[in-house]
Amino acid sequence: MPKHETPLLDQLQSGPWPSFVTDIKEEAERRHKNEGKVEYQVPVDVCDDLLGLLELSYTDGTTHWKHGGIVGVFGYGGGVIGRYCDQPDRFPGVAHFHTVRVAQPAGLYYTSEYLRQLCDIWEMRGSGLTNMHGSTGDIVLLGTTTPQLEEIFFELTHKMNTDLGGSGSNLRTPSCCLGESRCEWACYDTQELCYKMTMEYQDELHRPAFPYKFKFKFDGCPNCCVASIARSDMAFIGTWRDEIRIDQEAVAAYIGGELQPNGGAHAGRNWGPFDIQKEVIDLCPTECMWIEDGKLMINDRECTRCMHCINVMPRALRIGNDRGLSILVGAKAPILDGAQMGSLLVPFVKVEEPYDEIKEVIENIWEWWMEEGKNRERLGELIKRQGLAKAISVVGLKPMPQHVQEPRHNPYIFWKEEDVPGGWDRDIAEYRKHHQR
Amino acid sequence: MSEKTPKEIVVEFMQSKAKQKSKFYFNDLAALFPDMKQRDAKKLINQLVNEGVLVYWSSGSTTMYGLPGTGKQAGAEGEE
Numbered sequence: 001m002p003k004h005e006t007p008l009l010d011q012l013q014s015g016p017w018p019s020f021v022t023d024i025k026e027e028a029e030r031r032h033k034n035e036g037k038v039e040y041q042v043p044v045d046v047c048d049d050l051l052g053l054l055e056l057s058y059t060d061g062t063t064h065w066k067h068g069g070i071v072g073v074f075g076y077g078g079g080v081i082g083r084y085c086d087q088p089d090r091f092p093g094v095a096h097f098h099t100v101r102v103a104q105p106a107g108l109y110y111t112s113e114y115l116r117q118l119c120d121i122w123e124m125r126g127s128g129l130t131n132m133h134g135s136t137g138d139i140v141l142l143g144t145t146t147p148q149l150e151e152i153f154f155e156l157t158h159k160m161n162t163d164l165g166g167s168g169s170n171l172r173t174p175s176c177c178l179g180e181s182r183c184e185w186a187c188y189d190t191q192e193l194c195y196k197m198t199m200e201y202q203d204e205l206h207r208p209a210f211p212y213k214f215k216f217k218f219d220g221c222p223n224c225c226v227a228s229i230a231r232s233d234m235a236f237i238g239t240w241r242d243e244i245r246i247d248q249e250a251v252a253a254y255i256g257g258e259l260q261p262n263g264g265a266h267a268g269r270n271w272g273p274f275d276i277q278k279e280v281i282d283l284c285p286t287e288c289m290w291i292e293d294g295k296l297m298i299n300d301r302e303c304t305r306c307m308h309c310i311n312v313m314p315r316a317l318r319i320g321n322d323r324g325l326s327i328l329v330g331a332k333a334p335i336l337d338g339a340q341m342g343s344l345l346v347p348f349v350k351v352e353e354p355y356d357e358i359k360e361v362i363e364n365i366w367e368w369w370m371e372e373g374k375n376r377e378r379l380g381e382l383i384k385r386q387g388l389a390k391a392i393s394v395v396g397l398k399p400m401p402q403h404v405q406e407p408r409h410n411p412y413i414f415w416k417e418e419d420v421p422g423g424w425d426r427d428i429a430e431y432r433k434h435h436q437r
Numbered sequence: 001m002s003e004k005t006p007k008e009i010v011v012e013f014m015q016s017k018a019k020q021k022s023k024f025y026f027n028d029l030a031a032l033f034p035d036m037k038q039r040d041a042k043k044l045i046n047q048l049v050n051e052g053v054l055v056y057w058s059s060g061s062t063t064m065y066g067l068p069g070t071g072k073q074a075g076a077e078g079e080e
């Protein structure tokens, strides 16, 4: 017999997909049975009250959560998001229901031992409910009380060698794709760079002083498996400067049907024989590929690294050898001004320890944004307000063709007086000798 | 007249605004120290947080600073 009747939530379980309501009910039951003899540090009926409160919100058509607060662990300004319920008498189990963000391991590699430890901590000191790698990307532990926060922090840092993630006006938990650990398209070691930048910018991660949130994401190649170009204020996307390596024999094997396109990814249905013209060459966004004497040719100067041909024929085409990354800035979700993709800031930089060139770009951008950014203004909005040309100048770069999306349209880059020989003044008499009025 | 300490400047500023506001953005506080670089101002304000003069208030997406015990939050939650 459930603690609260939840007819509206029960209806959600009737759909074809897995339901969070079912999950929470299961956890509620498990907590009551307590087969593992856990010494619960938060109310045993936290999950029941969570369902009850949600049902009430559905009935009332309004939320009963109060969001935000002065909760946290000593020395950190982020990592914990306070949440309280405004019906604590009816739902005492969720009177406090704080969220703890935990930094995920680079590339999301876990040992089962690590996950078990994490779950043990959360069974005992929290609701047992987690949200792994949702929109924030990190490990989100849902629902605990204020007195448990320091205990959780101690156990995570001392026993699991794990840190809290970022929240608030912080550098958010940096995330990366699995990079060179498994992927032959990785143009740099994403896990290494992600880890090094996380360690370098600990203060920015834990002690908030930015105008608003700031996200780093590291993608090994332009396939952007962690969606850095769309989701991060500063995206580090692997790329190469030289040519795509072509194995003509393998190209012939794809054409001849001996190799399956896309690594066999779409083999569940018969799409007919592989047609390189239709499926690769005609889909190239810069039309830089053609077949000549039975060989695949690529004009690499025109290639924009869209990755399509490489994705379709991974055995035949491989990333170049002169590898590094591009830095894009200003992507964000659509709270203000609509969603924005990142704009190219640094076309190419080598990824070499101690990463000084990369750090310089990061720090110059931060300095500008902290100084000029309005409260709650994302970097992308500041760039829109002051212009990409300004962003380019604060990192000490000169505008170059790669910064221009299309001529005479974007971005507006103007000559400065000091860039023009002789400045704005000129000898009008001399000019008039050659040009009539 | 002796120079005011950063702590006095911040506390005085917050108290002068206490009727309208209990929480402040970092930028509002950094503006009190116009001669200081932002990152130095950050260190100073962090120091005040560590000393317990200021507290962080976080919504999850934005962080603000306030004097301990001010504003609705502290009272409403019954955990000053």
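Read top to bottom, the protein sequences are chains A and B.
FYI, the numbering for the first sequence is 1 to 437, going by the working numbering.
FYI, the numbering for the second sequence is 1 to 80, going by the working numbering.
Even glycine gets a Cβ: it sits at the ideal position worked out from N, Cα and C.
Residues of chain B with CB closer than 7 Å to the CB of residue i, please, in chain order.
{"i": "M370/A", "result": "Q38"}
{"i": "N375/A", "result": "Y25, N27"}
{"i": "G330/A", "result": "Simply none; closest approach about 17 Å."}
{"i": "G143/A", "result": "Within chain B, no residue comes near G143/A; the closest Cβ sits about 14 Å away, beyond 7 Å."}
Can you check whether the C-beta of residue i is within less than 8 Å of a C-beta belonging to chain B?
{"i": "Y109/A", "result": "no"}
{"i": "P174/A", "result": "no"}
{"i": "E200/A", "result": "no"}
{"i": "G338/A", "result": "no"}
{"i": "G126/A", "result": "no"}
{"i": "A209/A", "result": "yes"}
{"i": "N364/A", "result": "no"}
{"i": "R378/A", "result": "no"}
{"i": "E26/A", "result": "no"}
{"i": "L50/A", "result": "no"}
{"i": "E367/A", "result": "yes"}
{"i": "G263/A", "result": "no"}
{"i": "G78/A", "result": "yes"}
{"i": "G72/A", "result": "yes"}
Counting only Cβ pairs nearer than 8 Å, list the residues of chain B close to residue i.
{"i": "N170/A", "result": "T63"}
{"i": "G75/A", "result": "N50"}
In the DSSP assignment, find the unbroken beta strand (DSSP E) run with residue i in it and report its ends.
{"i": "G66/B", "result": "63–66"}
{"i": "V100/A", "result": "99–102"}
{"i": "Y84/A", "result": "83–85"}
{"i": "H67/A", "result": "65–67"}
{"i": "E55/B", "result": "One point to set straight first is that residue 55/B is Val, not Glu, in the sequence displayed. V55/B -> beta strand (DSSP E) spans 55–58."}
Identify the contact partners of residue i in chain B, using a Cβ-Cβ distance below 9 Å as the criterion.
{"i": "R437/A", "result": "Result: empty, since nearest Cβ-Cβ is about 50 Å, beyond 9 Å."}
{"i": "K213/A", "result": "S61, T62"}
{"i": "M294/A", "result": "What sits at residue 294/A in the sequence shown is Gly, not Met. Correct list: empty, because the minimum Cβ distance to chain B is about 56 Å."}
When you compare each of the options to residue i by their alpha carbons, which one comes out closest?
{"i": "G324/A", "options": "G238/A, R432/A, L164/A, T157/A", "result": "G238/A"}
{"i": "F348/A", "options": "R432/A, E113/A, D242/A", "result": "D242/A"}
{"i": "H98/A", "options": "D120/A, I70/A, Y109/A", "result": "I70/A"}
{"i": "A123/A", "options": "Q41/A, E180/A, G52/A, L56/A", "result": "Sequence inspection shows Glu at residue 123/A; the Ala mentioned does not correspond to that position. Per the Cα distances, Q41/A."}
{"i": "G320/A", "options": "L205/A, V361/A, I298/A, G166/A", "result": "I298/A"}
{"i": "A468/A", "options": "R376/A, N375/A, V346/A", "result": "Outside the displayed span of chain A (1 to 437) sits residue 468/A, for which this structure offers no information."}
{"i": "F74/A", "options": "L164/A, V38/A, G93/A, Y84/A", "result": "L164/A"}
{"i": "P211/A", "options": "S169/A, G179/A, M197/A", "result": "S169/A"}
{"i": "A316/A", "options": "T130/A, I246/A, G126/A", "result": "I246/A"}
{"i": "V140/A", "options": "L328/A, L56/A, V100/A", "result": "V100/A"}
{"i": "C85/A", "options": "L53/A, H403/A, G78/A", "result": "L53/A"}
{"i": "E204/A", "options": "T5/B, F26/B, P68/B, S16/B", "result": "F26/B"}
Does any C-beta atom of chain A lie closer than 8 Å to the C-beta of residue i?
{"i": "G52/B", "result": "no"}
{"i": "K42/B", "result": "yes"}
{"i": "V11/B", "result": "no"}
{"i": "S16/B", "result": "no"}
{"i": "E79/B", "result": "Legend: pLDDT at E79/B = 49, less than 50; position of this residue unreliable, value from coordinates given subsequently. E79/B counts as touching chain A."}
{"i": "Q20/B", "result": "no"}
{"i": "M1/B", "result": "Per-residue confidence for M1/B stands at a pLDDT of 49, beneath the threshold of 50, marking its modelled position as unreliable; the derived number appears in the next sentence. It does not: the Cβ of M1/B has no partner Cβ on chain A nearer than 8 Å."}
{"i": "G75/B", "result": "Summary for G75/B: the model assigns pLDDT 48, below 50, so the residue's position carries little reliability; its value from the coordinates is reported in the next sentence. So, not an interface residue."}
Could you list which residues in chain A have their beta carbon closer than 9 Å to that of residue i, in chain order?
{"i": "F33/B", "result": "What F33/B touches in chain A: nothing, since even the nearest Cβ is about 12 Å away."}
Output the boundary residues of the alpha helix (DSSP H) element that contains residue i.
{"i": "L9/A", "result": "7–12"}
{"i": "Y58/A", "result": "46–60"}
{"i": "G34/A", "result": "Residue identity check: residue 34/A is Asn in the sequence provided, not Gly. It is not in any alpha helix (DSSP H) - N34/A carries neither H nor E in the DSSP assignment."}
{"i": "S19/A", "result": "Run containing S19/A: none; DSSP gives neither H nor E here."}
{"i": "D40/B", "result": "38–51"}
Please list the partners that residue i has in chain A, where partner means a Cβ-to-Cβ separation under 8 Å.
{"i": "S59/B", "result": "H67, G68, I81, G168"}
When you compare the CB of residue i with every CB in chain C, is at least one pair closer than 8 Å?
{"i": "L108/A", "result": "Going by chain labels, chain C is absent from the structure shown, which instead holds the protein chains A and B."}
Uninterrupted alpha helix (DSSP H) stretches inside the region 115–179 of chain A (no shorter than 4 residues) | 149–154
Run through the region 275–299 of chain A for me and flag every whole alpha helix (DSSP H) of 4 or more residues, listed as ranges in chain order.
-> Taken in chain order, the whole alpha helix (DSSP H) runs of length 4 or more contained in the region 275–299 of chain A are 276–279.
At which residue ranges does the region 171–255 of chain A contain complete beta strand (DSSP E) runs of 3 or more residues, listed in the order of the chain?
-> Within the region 171–255 of chain A, the complete beta strand (DSSP E) runs of at least 3 residues are 216–219, 234–240.
List in chain order: all unbroken beta strand (DSSP E) runs of 3+ residues lying wholly within the region 321–389 of chain A.
-> 323–329, 343–349
Could you pull out every unbroken alpha helix (DSSP H) segment of at least 4 residues lying fully inside the region 388–437 of chain A, listed in chain order?
-> 388–394, 428–434
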